[in-house]
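In numbering that gives the first Met the number 0, the protein residues as written are 0 to 244. All C-beta atoms, glycine included, are put in the ideal place defined by N, C-alpha and C. Please read all numbers here as calculations on a predicted model, not as lab measurements. Worksheet for the structure shown next.
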Amino acid sequence: MSTPLLQIDDLYVKYGNIEALHGISFTVNQGEIVTLIGANGAGKSTTLMSIAQLPPPEAPRITKGDIKFKGESILGMGPDKIVSDLHMALVPEGRHIFGNLTVEENLKLATYSRKGGQAEIDRDYQRVYKLFPRLDERKKQRSESLSGGEQQMLAVGRALMSGCKVIMLDEPSMGLAPLLMYDMFRTLKELNEEGMTILLIEQNANLALKFAHRGYVIDTGEIVAQGPSDQLMEDPEVKKAYLGG
Numbered sequence: 000m001s002t003p004l005l006q007i008d009d010l011y012v013k014y015g016n017i018e019a020l021h022g023i024s025f026t027v028n029q030g031e032i033v034t035l036i037g038a039n040g041a042g043k044s045t046t047l048m049s050i051a052q053l054p055p056p057e058a059p060r061i062t063k064g065d066i067k068f069k070g071e072s073i074l075g076m077g078p079d080k081i082v083s084d085l086h087m088a089l090v091p092e093g094r095h096i097f098g099n100l101t102v103e104e105n106l107k108l109a110t111y112s113r114k115g116g117q118a119e120i121d122r123d124y125q126r127v128y129k130l131f132p133r134l135d136e137r138k139k140q141r142s143e144s145l146s147g148g149e150q151q152m153l154a155v156g157r158a159l160m161s162g163c164k165v166i167m168l169d170e171p172s173m174g175l176a177p178l179l180m181y182d183m184f185r186t187l188k189e190l191n192e193e194g195m196t197i198l199l200i201e202q203n204a205n206l207a208l209k210f211a212h213r214g215y216v217i218d219t220g221e222i223v224a225q226g227p228s229d230q231l232m233e234d235p236e237v238k239k240a241y242l243g244g
C-alpha cells in the first residue's frame, strides 16, 4: 500500500487550556479531493491551521500526535517551509488579502519563496489569469475594491502563485452568490484534473461531497464518520445532521 501524501495521526490540539481536537486521524492521497465537513466550531479550521503549522496565537498548540507529508513528520517545520519546500498552501477563511495592494501586487507577493525561474512564474501568472479572467481585467485595481467573489478568486490565485501542488481551502464559497460559487468549484475541479491535490472545508456539505472523492465528518473535535463521498451522502446520520435529510 502506497504512503499517503498527507497523514494526520492521532492529533490533539489546544487553544490555551481548551482542547479543540481529540485525536483525529485521516489521510489525503496524491491527486485526491478530500473534504472535512461538520458544524461550526467542530475543529475543521483548527485542523487546516495545524497542518499549515501556523504559530500561536493564529493557530492552536499541538499537544500530541503527528502530521506527516510523504511519510515524514512536519511538526516544527516553519509555515514558510510548508509553502516553499512541501508546496502546500492554505487559502484561509476570510481571504486575508492585502486590500491596499493591487491584484497584481498580491499575486507577486506569493512568489517570494519560489525556487523556480521567472519563466515558470510567468507561466503561473498566465494560468491564474486564464482560470480567473476577472483578475486579469482588474490586475491594476486595489484589492479592497474587488467584490467578494473576486477577492476569493484572488485568494485562490495567490495560493497558486506560491507554486503549490497541495491546496487547502477553508470555506471557499462563503459569501458568494450561487453562480460564483459553482464557478469556483468548477475551477477547483479543473485544477484537480491537472494534478492538484485538494483538502477542503466547506459549509455547503452537499456541494462539498459532490465535489470530493472522499470525506470525513468532524464533530466536536473527533472524526465520527468517513468514507467515499457517495457513501457519506447516503449515510442516514450524515444526511440528517448535515445534508438537510
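Residue burial is scored here from C-beta neighbours: Lys139 has fewer than 16 other C-beta atoms within 10 angstroms and is therefore classed as exposed.
Here Thr186 really is in contact with Leu130; their C-beta atoms are around 5 Å apart, less than 8 Å. It is roughly 31 Å from the alpha-carbon of Pro91 to the alpha-carbon of Pro235. Burial state of Leu178 is exposed, judged by a 10 Å Cβ sphere holding fewer than 16 other Cβ atoms.
Three or more pairs of CB atoms, one per stretch, sit closer than 8 Å, so the region 102-112 contacts the region 152-164. In the three-state DSSP reduction, Met167 falls in the strand class (E or B). Per the C-alpha coordinates, the member of Met152, Met167, Ser1 positioned closest to Tyr181 is Met152.
Burial of Asp169 is indicated by the presence of at least 16 other C-beta atoms within 10 angstroms of its C-beta. Looking at the backbone, the Cα of Val237 and that of Ser172 are separated by about 21 Å. Contact between the region 208-218 and the region 33-41 is present: three or more C-beta pairs spanning the two stretches fall below 8 Å. Per DSSP, Asp229 is one residue of the alpha helix (DSSP H) stretching across 228-233.
Your pair Leu10 and Ile61 checks out as a contact, with CB atoms roughly 7 Å apart and the cut at 8 Å. At least 8 Å separates the beta-carbon of Gly75 from that of Gly22. Less than 8 Å separates the beta-carbon of Lys67 from that of Gln6.
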